[in-house]
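Below is one structure, written out as structure tokens; comments come after it.
2 protein chains.
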Amino acid sequence: MAYKNYDRETYLNNFREIMRLKPQIEKYIDDAFEKGVDNLVMAGVGGSISIMMPMEYFAKKRTAMPIYMENAAEFVLGINKAVTKKSLVVLYSESGTTKEAIAAAKYCKERGIPTIGVSGNEEAPLQDLLTYPIVCGAGDELSCDGDHMKLFLIVSAVLHKNGDMEDYDEFIENLEKLPEALADIKEKVDEEAKAYAYQIKDETYHMLVGSGNLWGSTYCFAMCYLEEMQWIRTKSIQSPEFFHGTLELLEEDTSIMIFKGEDETRMLTERVENFAKKISKKVKVIDTKDYEAKGISQKYRGDFSPAFLEAYLGRLTAHLEDATGHSLDIRRYYRVMDY
Amino acid sequence: MAYKNYDRETYLNNFREIMRLKPQIEKYIDDAFEKGVDNLVMAGVGGSISIMMPMEYFAKKRTAMPIYMENAAEFVLGINKAVTKKSLVVLYSESGTTKEAIAAAKYCKERGIPTIGVSGNEEAPLQDLLTYPIVCGAGDELSCDGDHMKLFLIVSAVLHKNGDMEDYDEFIENLEKLPEALADIKEKVDEEAKAYAYQIKDETYHMLVGSGNLWGSTYCFAMCYLEEMQWIRTKSIQSPEFFHGTLELLEEDTSIMIFKGEDETRMLTERVENFAKKISKKVKVIDTKDYEAKGISQKYRGDFSPAFLEAYLGRLTAHLEDATGHSLDIRRYYRVMDY
């Protein structure tokens, strides 16, 4: 069967390329730790900070080493006093041209702060500035599962090296099986995601709710996809925060997307689901528990929930532009006017 | 002159009470440090996490000690491995009955993790659970400037004790002058805030943008005031993030509130202002630089910007319910139905 913007073999090949980065990343991390690493900093803007958010969750469950999430635009102002030459700064820019990522890399280079970063091609301006440059294409153009994969390799290697991940080999074995599991999800949900895309094509506002390690995808899908690429208004809100304000706006005809994962915070999102279903007739729950994910051990399903969710969202995005008749590529302002 | 929901003497008296907490707080912090403090955790939900956000900024500029911001509902799931008996956890609940704050206090008590917390009265259930309980009423019912004041006392005492604040006495001298400065702002802006309230009374959607230490107030005013108390849709977004999606929704008739402070990130917000003014005819900039704040040294204006902004927002809120005819006290669901 053929799928819009998706071909199983191409997708799996892309992910195989990502997995091939493992020895290079481990070597980088060994080198960084030889020089000393006191804390891990993840600095990004927009899509790139959002793909890093599940990694913060992944790391802080396992290590007492401080993990700092920094908006790259604020990071270069030097506000965080804990950032030193013994920090390791993770940067990410698919195009390798994101202004804020380049500025952050320059900032670090000038101060001798080591950086490890990913961009899609060797010629990207970001590459020259990084202490530990990684070149790798996207796993999937329409979702962030490939980005998660690359970051999992970096962060798990850091945790392992820091003595916080005895199960590193087991984790990597599971990570290797993730692409097949994600491809299965994409194929399984495609038809349903298409139907949902047509169902919401005329909505002008959505609430998006998620918690724990799904928050990054919740925030990103609202801002980078629905707002930027579809010009649809959104409010993204963390599940426990929903009850401190946004709930009052929910009415019978309010569209609300609830992203339910398998980490420790699952019941916080279930609480939103139970409430929302009493009020609105337009509640959409995407529950990663519905996906089989063959070969993935129960132990890691919670960690991989963000990638499972992205597998769904990638399919939804592919169909949404057809349903709304609004191409994902149109911009009013971004790279159209100077600001 | 008389002001709705505000009387200068009452306001200043409330703040004098807050300042009287200083010796008690210092004693608490001395005691906590005698037992050892490795990191500072601020845990809250909704309004309470938002008032803590400027404190994270205030602290991380001055100390390399890790500061963790935790959603209280997620905090009790024990996700952050860095939280130990040598953490100091800050909790806050004006009513002293917020479920999540109480659960967090219990969680800490059972594990011997020290807590310092504030609530409005001695009988509040939160009080019994805290290692270091503080009782103090609100500074202002309609804004968060009083909350900031209490938290400044706690966080500056921690920084001082940790050897990160040589200018502690000078800071406290300035903090003592803050209430008069805030009262002046409230009185000065009242008429203009009223006019703005009437100007926006029929708007059904606002973008709210702020950066750095103003982000907490931006987030809170959108969710706790406009959404919860006025049932108006909002999108709150950090200034550098605005350019990674939300900008595409801005049109000539889109209402956007831009909160401009005096910390290091000011120019990130100026960039949004410059862009927004090219597109929309409904741009409102609240710039704390416009306020005199007599007696406050230039050195601390950036730190106090969130309180300056709150002084304005308190007046706006007071008039907004008259302008919209929607009382601040009506709720559809909160404490009306069980969920």
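Residue numbers (full-length UniProt numbering), protein chains in the order written: chain W, 1 to 339; chain Y, 1 to 339.
Ideal placement from N, C-alpha and C gives every residue a C-beta, glycine not left out.
Of the residues the options, the one placed nearest residue i, counting alpha carbons only
| i | options | result |
| --- | --- | --- |
| residue 291 of chain W | W:202, W:302, W:281, W:283 | W:302 |
| residue 92 of chain Y | Y:265, Y:280, Y:37, Y:118 | Y:118 |
| residue 257 of chain W | W:267, W:231, W:196, W:306 | W:196 |
| residue 359 of chain Y | Y:310, Y:30, Y:323 | In this structure chain Y extends from 1 to 339, so residue 359 of chain Y is not present and cannot be described. |
| residue 20 of chain Y | Y:153, Y:335, Y:199, Y:219 | Y:153 |
| residue 265 of chain W | Y:17, Y:70, Y:63 | Y:70 |
| residue 214 of chain Y | Y:161, Y:305, Y:328 | Y:305 |
| residue 162 of chain W | W:282, W:107, W:101, W:31 | W:31 |
| residue 308 of chain W | W:28, W:294, W:229 | W:294 |
| residue 204 of chain Y | Y:315, Y:94, Y:234, Y:187 | Y:234 |
| residue 102 of chain W | W:131, W:85, W:151 | W:131 |
| residue 289 of chain Y | Y:272, Y:277, Y:316, Y:259 | Y:259 |
| residue 177 of chain W | W:6, W:4, W:13 | W:13 |
| residue 85 of chain Y | Y:60, Y:9, Y:77, Y:40 | Y:40 |
| residue 1 of chain W | W:108, W:127, W:168, W:187 | W:187 |
Three-state secondary structure assigned by DSSP to residue i
| i | result |
| --- | --- |
| residue 84 of chain Y | coil |
| residue 47 of chain W | helix |
| residue 230 of chain Y | coil |
| residue 169 of chain W | helix |
| residue 326 of chain W | coil |
| residue 5 of chain Y | coil |
| residue 178 of chain Y | helix |
| residue 268 of chain Y | helix |
| residue 10 of chain Y | helix |
| residue 115 of chain Y | strand |
| residue 256 of chain W | strand |
| residue 129 of chain W | helix |
| residue 287 of chain Y | strand |
| residue 346 of chain W | A query on residue 346 of chain W cannot be resolved here, the shown segment of chain W reaching from 1 to 339 and no further. |
| residue 339 of chain Y | coil |
| residue 235 of chain W | strand |
| residue 207 of chain W | strand |
Partners in chain Y for residue i, counting only beta-carbon separations shorter than 8 angstroms
| i | result |
| --- | --- |
| residue 223 of chain W | 237, 241, 244, 245, 246 |
| residue 275 of chain W | 333, 339 |
| residue 47 of chain W | 244 |
| residue 347 of chain W | Past the edges of chain W, shown from 1 to 339, lies residue 347 of chain W, and the structure says nothing about it. |
| residue 268 of chain W | 73, 74 |
| residue 100 of chain W | 240 |
Chain-ordered neighbours of residue i on chain W, where CB pairs are closer than 8 angstroms
| i | result |
| --- | --- |
| residue 166 of chain Y | What residue 166 of chain Y touches in chain W: nothing, since even the nearest Cβ is about 14 angstroms away. |
| residue 57 of chain Y | 79 |
| residue 321 of chain Y | Chain W residues near residue 321 of chain Y: none, gap ~14 angstroms exceeds 8 angstroms. |
With 16 other Cβ atoms within 10 Å as the buried cut-off, status of residue i
| i | result |
| --- | --- |
| residue 190 of chain Y | buried |
| residue 23 of chain W | exposed |
| residue 73 of chain Y | buried |
| residue 219 of chain W | buried |
| residue 298 of chain W | exposed |
| residue 83 of chain W | buried |
| residue 199 of chain Y | exposed |
| residue 248 of chain W | buried |
| residue 318 of chain Y | buried |
| residue 324 of chain W | buried |
| residue 111 of chain W | exposed |
Cα-Cα separation between residue i and residue j, rounded to whole angstroms
| i | j | result |
| --- | --- | --- |
| residue 262 of chain Y | residue 66 of chain Y | 24 angstroms |
| residue 96 of chain Y | residue 33 of chain Y | 25 angstroms |
| residue 270 of chain Y | residue 209 of chain Y | 11 angstroms |
| residue 227 of chain W | residue 16 of chain W | 32 angstroms |
| residue 159 of chain W | residue 143 of chain Y | 42 angstroms |
| residue 275 of chain W | residue 211 of chain W | 15 angstroms |
| residue 252 of chain Y | residue 141 of chain W | 32 angstroms |
| residue 64 of chain Y | residue 56 of chain Y | 12 angstroms |
| residue 267 of chain W | residue 114 of chain W | 39 angstroms |
| residue 137 of chain W | residue 123 of chain W | 13 angstroms |
| residue 285 of chain Y | residue 277 of chain Y | 10 angstroms |
| residue 315 of chain Y | residue 146 of chain W | 48 angstroms |
Contacts of residue i in chain Y (Cβ-Cβ under 9 angstroms)
| i | result |
| --- | --- |
| residue 90 of chain W | Here the premise fails: no neighbours, minimum Cβ distance about 17 angstroms. |
| residue 205 of chain W | 205, 233 |
| residue 130 of chain W | The contacting residues do not exist; residue 130 of chain W stays about 21 angstroms from chain Y at best. |
Proximal chain W residues relative to residue i, where beta-carbon distance stays under 9 angstroms
| i | result |
| --- | --- |
| residue 341 of chain Y | Since the displayed chain Y opens at 1 and closes at 339, residue 341 of chain Y lies outside it and no answer follows. |
heavy atom of the ligand HEM below 6 angstroms from residue i C-beta
| i | result |
| --- | --- |
| residue 332 of chain W | Among the components of this structure there are no ligands whatsoever, and the ligand HEM is therefore not found. |
Where residue i meets chain Y, residues with beta-carbon distance less than 7 angstroms
| i | result |
| --- | --- |
| residue 210 of chain W | In chain order: nothing, as chain Y lies at least about 12 angstroms away. |
| residue 63 of chain W | 81 |
| residue 173 of chain W | The contacting residues do not exist; residue 173 of chain W stays about 23 angstroms from chain Y at best. |
Contact list for residue i against chain W, beta-carbon separation under 7 angstroms
| i | result |
| --- | --- |
| residue 249 of chain Y | 227, 231, 233 |
Residues of the region 66-87 of chain W whose Cβ lies closer than 8 angstroms to any Cβ of chain C, in chain order:
Reference to chain C is not applicable here, since the protein chains of this structure are W and Y.
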